[in-house]
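> Supplied in structure tokens, the structure appears directly below.
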Amino acid sequence: MGDLLDKTFPFGSTLWETCLIKRLFWQYTMGDLLERIQASVEELEAQLQTIHACEVNGYWRLLDFDYEMKLLGHITQLVDSESWSFSKVPLSVSLEELGRLEPQ
């Protein structure tokens with residue numbers, strides 16, 4: 011499965027942005043993956059979670075490492091600026107704040 015998603019170009023990368031404009035990449039929905047991979051929905055979801063794939067606009071993607079680090083930096087800054095405990099970060103407030111900085 012990782013091989014399939016590797017062909018999608020990591021979300022957040024410069025290459026992804028270029029391919030998005032030119033429509034040059036593979037896109038896989040859950041249905042597409044189920045057609046190509048012999049696994050149950052539960053097994054497929056577990057594997058997607060294991061490889062840290064995420065669903066973006068209905069398509070499954072791997073995140074670019076630099077993009078992940080950028081998001082982690084935003085989250086760390088938010089936690090620090092709000093003086094939150096790392097064990098009690100409010101999801102809805104975080105998503106709202108981060109939504110202003112990055113696409114959902």
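Everything in the sequence shown is counted per the numbering used here, starting at 11 for the first residue and increasing by one.
A virtual CB, placed ideally from N, CA and C, is assigned to each residue, including glycine.
1. According to DSSP, what are the bridge partners of E65?
2. Near E107, what residues of its chain come up, given a Cβ to Cβ distance below 6 Å and the 5 sequence neighbours on each side ignored?
3. How long is the line joining the alpha carbons of L34 and M79, rounded to whole angstroms?
4. Which residues in the same chain have their Cβ closer than 7 Å to the Cβ of V99, if we skip the five residues on either side of it in sequence?
5. For L111, which residues of its own chain have a beta-carbon under 8 Å away from its beta-carbon, when the five flanking residues on both sides are left out?
6. Excluding the 5 residues flanking S102 on each side, which residues of the same chain have their C-beta closer than 6 Å to its C-beta?
This is what the structure gives:
1. W70
2. L88
3. At L34, the pLDDT of 48 sits below 50, so the modelled position is not reliable and the matter cannot be decided from this model.
4. V89
5. H84
6. none
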